[in-house]
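Trainee: In this note's numbering, the protein residues as written are 96 to 383. For every residue, glycine included, the Cβ atom is placed at its ideal position computed from N, Cα and C.
1. What are the start and end residues of the beta strand (DSSP E) that includes residue 106?
2. Less than 8 Å between the CB atoms is what I'm expecting for residue 105 and residue 156, so what's the real figure, rounded?
3. Considering only their Cβ atoms, is the gap separating residue 321 from residue 295 smaller than 8 Å?
4. Can you give me the Cβ contacts of residue 208 inside the same chain, cut-off strictly under 8 Å, excluding the 5 residues immediately before and after it?
5. Thinking residue 136 and residue 313 are a contact (beta carbons under 8 Å), I'd like their distance in whole angstroms, please.
6. Might you give, ordered along the chain, the residues of its own chain that have their beta carbon closer than 7 Å to the beta carbon of residue 377, omitting 5 neighbours on each side?
7. What are the boundary residues of the beta strand (DSSP E) that residue 323 is part of?
8. Going by the beta-carbon positions, is the gap between residue 247 and residue 228 smaller than 8 Å?
9. In terms of residue numbering, what span does the alpha helix (DSSP H) encompassing residue 201 cover?
10. Count the other C-beta atoms from every protein chain shown that fall within 10 angstroms of the C-beta of residue 382, then say buried if there are 16 or more, exposed otherwise.
11. From the DSSP output, in three-state form, read off residue 326 for me.
12. Give the DSSP-derived three-state secondary structure of residue 96 in the structure shown.
13. Kindly provide the ranges of any alpha helix (DSSP H) runs that are 4 or more residues long and lie completely inside the stretch 237–317, ordered along the chain.
14. Pull up the CB-CB distance for residue 130 and residue 309, whole angstroms please, since I reckon it's below 8 Å.
15. Contact defined as beta carbons within less than 8 Å: I believe residue 141 pairs with residue 177. What is the distance between those atoms, to the nearest angstrom?
16. Of the choices 183, 214, 158, 108, whose alpha-carbon is the least far from that of residue 254?
17. Cβ atoms of residue 278 and residue 293: under 8 Å apart, would you say?
18. Report the three-state DSSP secondary structure of residue 234 (helix, strand or coil).
19. Quick check on the DSSP output: what are the complete alpha helix (DSSP H) runs of length 4 or more inside the stretch 139–216, in order along the chain?
20. Can you grab the Cα-Cα spacing for the pair residue 166 / residue 347, in whole Å?
21. For a test of the three-state rule: what should DSSP assign to residue 228, helix, strand or coil?
22. Figure out for me which residue from 158, 304, 280 has the closest Cα to the Cα of residue 368.
23. With a CB to CB cut of under 7 Å and the five nearest residues on each side skipped, what residues in its chain are close to residue 190?
24. Grouping DSSP H, G and I as helix and E and B as strand, with all else coil, what is residue 344?
25. Let me confirm a value: residue 323 is counted as buried when at least 16 other C-beta atoms fall within 10 Å, else exposed. Which label applies?
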């Protein structure tokens, strides 16, 4: 059974006005527990509008979101419980820091869940170890940290609530390559440790190749593709037609293929490319 299911979801802004716009149109998909799902699409394709329905920040014009088979709006009074089970990390989450210490900022969500001080302390210790926040930082002001450290704290605050599903909207936007790699590892480690389901909006195809089990491709508010990461990236011509790219290493491999080299269709990471090229250089056969 799917932990999360979206059925025929449509969201219309400015309905019954000359400015009416269907930001999301009749989108359906389901996600299994523990899956990591990437969501890609050009700007304005409906990605952010879509994910804001998953914990009830937006209510669909039509269609429904099911959590463990139950419509999240069946009992509007329990939407707060839905939001504790489905965490949402906005783009640039560090701008939402506001407490005077790192500890208090991470504790804010768990405290609002009614957890005991001991349980909050335990969760903070566990999450800080997972995401690499040093104990001596906990009594510092979050505003004294670097940009990457602030983002780490903001994400830790959501993870400390231990949501079963966590949704990230461009979690690596504005970070340097090292910071980007750190955040992607944090997300993977959280999913792996807690068996959590993750959905990630990203424009970075290299990150999606590394972490995503499946990809949702949005185009003009519609779900254009939903398949394994491998199968989606094999549709490179279609992705190009709707303004998207495959990972850079894949583009290089495709260029080699155009030059006559017999290149497999499933090279989406640098490690896979190195493995293939080393085998080729030794005169071996490398099957896809």
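Mentor: Considering the structure as presented:
1. The sequence position of residue 106 within the chain shown is 11, counting from 1. Counting along the chain, residue 106 sits inside the beta strand (DSSP E) bounded by residues 99–108.
2. For this step, residue 105 is matched to residue 10 along the chain shown. For this step, residue 156 is matched to residue 61 along the chain shown. Contact holds; Cβ gap of about 5 Å.
3. Your numbering for residue 295 matches position 200 in the chain shown. Your numbering for residue 321 matches position 226 in the chain shown. Against a cut-off of 8 Å, the Cβ pair of residue 321 and residue 295 comes out as no contact.
4. Locating residue 208 in the chain shown gives position 113, counting from the first residue. 179, 256.
5. As a working mapping, residue 136 is identified with position 41 in the chain shown. As a working mapping, residue 313 is identified with position 218 in the chain shown. Correct: roughly 3 Å between the Cβ atoms.
6. Position 282 of the chain shown, counted from the start, is the residue given in the question as residue 377. Once the five neighbours on either side are set aside, residue 377 has no close Cβ partner at all.
7. If you number the chain shown from 1, residue 323 lands on position 228. Per DSSP, residue 323 belongs to the beta strand (DSSP E) from 317–323.
8. Counting from 1 along the chain shown, the entry for residue 247 is found at position 152. Counting from 1 along the chain shown, the entry for residue 228 is found at position 133. Result yes, Cβ atoms of residue 247 and residue 228 sit closer than 8 Å.
9. Numbered from 1 along the chain shown, position 106 holds the residue referred to as residue 201. Here the alpha helix (DSSP H) through residue 201 covers 197–207.
10. By one-based count along the chain shown, residue 382 stands at place 287. A caution first: residue 382 carries a pLDDT of 48, below 50, which makes its placement in the model too unreliable to give a value.
11. Residue 326 sits at position 231 when you count from the first residue of the chain shown. Three-state DSSP puts residue 326 in a helix.
12. As a position in the chain shown, residue 96 is number 1, starting the count at 1. Coil at residue 96, not helix or strand.
13. Runs found: 242–254, 272–289, 300–306.
14. For the purposes of this step, residue 130 is taken as the residue at position 35 of the chain shown. For the purposes of this step, residue 309 is taken as the residue at position 214 of the chain shown. That belief holds up - the Cβ atoms of residue 130 and residue 309 are roughly 7 Å apart, short of 8 Å.
15. Position 46 of the chain shown holds residue 141. Position 82 of the chain shown holds residue 177. Incorrect: roughly 21 Å between the Cβ atoms, too far for contact.
16. Against the chain shown, residue 254 aligns to sequence position 159. Answer by Cα proximity: 183.
17. Counting from 1 along the chain shown, the entry for residue 293 is found at position 198. Counting from 1 along the chain shown, the entry for residue 278 is found at position 183. No, the pair does not count as a contact, with Cβ atoms beyond the cut-off.
18. For the purposes of this step, residue 234 is identified with residue 139 of the chain shown, where counting begins at 1. Correct three-state label for residue 234: coil.
19. 142–146, 174–180, 197–207
20. As a position in the chain shown, residue 166 is number 71, starting the count at 1. As a position in the chain shown, residue 347 is number 252, starting the count at 1. Each residue's Cα considered, the two are about 45 Å apart.
21. The count along the chain shown starts at 1 and reaches residue 228 at position 133. Three-state DSSP puts residue 228 in coil, outside helix and strand.
22. Against the chain shown, residue 368 aligns to sequence position 273. Ranking the options by Cα distance to residue 368, first place goes to 304.
23. Within the chain shown, the letter at position 95 stands for residue 190. Same-chain partners within the cutoff: there are none.
24. In the chain shown, residue 344 corresponds to position 249, counting from 1. Here residue 344 carries a helix assignment [DSSP, helix/strand/coil].
25. Along the chain shown, read from residue 1 onward, the residue named residue 323 stands at position 228. By the neighbour-count rule (16 or more Cβ atoms within 10 Å), residue 323 is not buried but exposed.
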